[in-house]
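Counting from 1, one number per residue, gives the positions in the sequence shown under UniProt numbering.
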Amino acid sequence: MFPGAGDSEFAFELLVCRWAELAWHPADGDRPVVVARQLGTRERRWDTVVLEVAPEVFATRRAFGERTLDSDLLRVVRGAPAEWAWYRDALDDPGFPWRYIREAIHRAAALDLIEKRSGPNGRIEFRRVREYPDWVERVIAIENKPDLDASAARALADQLRHDVESGLADEVWVATGTTGERVSPALLEDMPVEVGVLEFDFADGVDADAGEVVWHPTSLRADGDARTRLLLAERAYGKGWRSLRETMRPDCRHFEVRREGRALVPHCAAKGRVPTAAECKGGCAEFSPEPPQWRTNGWPIAGGPGKGVRELLERRRERERDRVDSE
Ligand code: SF4
1 MFPGAGDSEF
11 AFELLVCRWA
21 ELAWHPADGD
31 RPVVVARQLG
41 TRERRWDTVV
51 LEVAPEVFAT
61 RRAFGERTLD
71 SDLLRVVRGA
81 PAEWAWYRDA
91 LDDPGFPWRY
101 IREAIHRAAA
111 LDLIEKRSGP
121 NGRIEFRRVR
131 EYPDWVERVI
141 AIENKPDLDA
151 SAARALADQL
161 RHDVESGLAD
171 EVWVATGTTG
181 ERVSPALLED
191 MPVEVGVLEF
201 DFADGVDADA
211 GEVVWHPTSL
221 RADGDARTRL
231 LLAERAYGKG
241 WRSLRETMRP
251 DCRHFEVRRE
261 GRALVPHCAA
271 KGRVPTAAEC
281 KGGCAEFSPE
291 PPQWRTNGWP
301 IAGGPGKGVR
311 ELLERRRERE
321 RDRVDSE
């Protein structure tokens, strides 16, 4: 890892996410992707999620906004008819009270995702503005283990088997740090054979060549629950992997963003390394709010460095999405 990374699994995870934006797919050539971190289902959380998307329809998904469509909004948007209709005629019985659907219709209309009007007898009618596209081609789960030794591989094996059998992912990978030696066959023996292994050298941060495929994955059937898979993809789309701008403390005077190759990585000047997401919070003993004058007269970044960092990370996210659109 690069100097200042410490032994941070968090730093490793950020670099894997950035690398995936630059270099996915590692064996089968360039594919446009959306990358997110720390997502999953009730049973299992994935470190990195890569969505391979269809560029020609990705722009249509973006037209529904940059945020996640939650379960109720998705039901309304996907079920919205081309012509005006009473919502109970257009949608399948949800299996829970209709008032939740009415509330979602009002929310969707307020976000310009659909149109609504009051029909005969005051019945709520709605219709679509545009069709919700089939924008996700493949879902990839990556488990990040910078120090993958034989005992870590054994401990991971059951979780990976679950990932393979979940029917939600089209490919499952383990990402690990390079050791300078070939990954031993004994280590691979503990893993399900369907799981790919990627080895990374992040000594100089990230570039597209930082990862090497050590074991190729098997393409999975991904025949699990389609709705769960789409909800997962929607959460990945809305969250991305730069959500640290909301969960960490860029408004702390010790918070910095450093360039490590082609990645921007958080750095804590007080700790002298990448802080973990768990420690970089308001409860951090060394937290010190940026002085108010940083946000006012003369400071080169409008709103102060904290706001500047948030905006910078947001712009990076938009830039990557624009890149997918143009592919
Ligand atoms: S001192 Fe604490 S809150 Fe401030 S940047 Fe470092 S880890 Fe984050």
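Built from N, CA and C at the ideal position, the CB exists for glycine as well.
- Using a C-beta cut-off of 8 Å, the region 200 to 214 makes no contact with the region 236 to 243, since fewer than three inter-stretch Cβ pairs fall below that distance.
- For Thr218, the CB contacts under 6 Å within the same chain, skipping 5 residues up- and downstream, are Glu194 in chain order.
- For His25, the Cβ stays outside the 8 Å cut-off from all heavy atoms of the ligand SF4.
- Arg18 places its beta carbon less than 9 Å from that of Ala263.
- Relative to the ligand SF4, the beta carbon of Cys252 is positioned inside 8 Å of a heavy atom.
- With a cutoff of 8 Å, Arg249 counts as near the ligand SF4, since its C-beta is closer than that to a heavy atom of the ligand.
- When C-alpha distances from Val309 are compared across Gly272, Gly282, Glu21, Cys252, the shortest belongs to Cys252.
- The region 34 to 41 makes no contact with the region 284 to 294, as fewer than three CB pairs between them are under 8 Å.
- Rounded to whole angstroms, Ala141 and Pro120 show a C-alpha spacing of 48 Å.
- In this structure, Pro275 has its beta carbon less than 8 Å from a heavy atom of the ligand SF4.
- The residues Gly238, in chain order, have a CB closer than 7 Å to that of Arg67 in the same chain once the five nearest residues on each side in sequence are set aside.
- Apart from the 5 residues on each side of it in sequence, Tyr100 sits with its Cβ closer than 8 Å to the Cβ of Asp72, Pro94 in its chain, given in chain order.
- Cβ-Cβ distances below 6 Å link Tyr132 to Val77, Arg78 in the same chain, with the five nearest sequence neighbours on each side left out; the list follows chain order.
- Per DSSP, the unbroken beta strand (DSSP E) holding Phe200 starts and ends at 196 to 200.
- The region 48 to 122 contains, as complete alpha helix (DSSP H) runs of 4+ residues, the segments 55 to 62, 71 to 79, 87 to 90, 98 to 110 (chain order).
- In the three-state reduction of the DSSP assignment, Leu220 falls in the coil class.
- A check of alpha carbon separations from Val172 across Ala54, Arg138, Pro146, Ala203 identifies Arg138 as the nearest.
- Shown here, Gly238 sits in a helix according to DSSP, grouped into three states.
- Contact check for Ala153 against Asp190 passes: the beta carbons are separated by less than 9 Å.
- As for any beta strand (DSSP E) of minimum length 3 sitting wholly inside the region 121 to 149, the runs are 124 to 128, 136 to 144, ordered along the chain.
- Setting aside the 5 residues that flank it on each side, Ala5 is surrounded in the same chain by Ala11, Val274, each with a C-beta closer than 6 Å to its C-beta; the list follows chain order.
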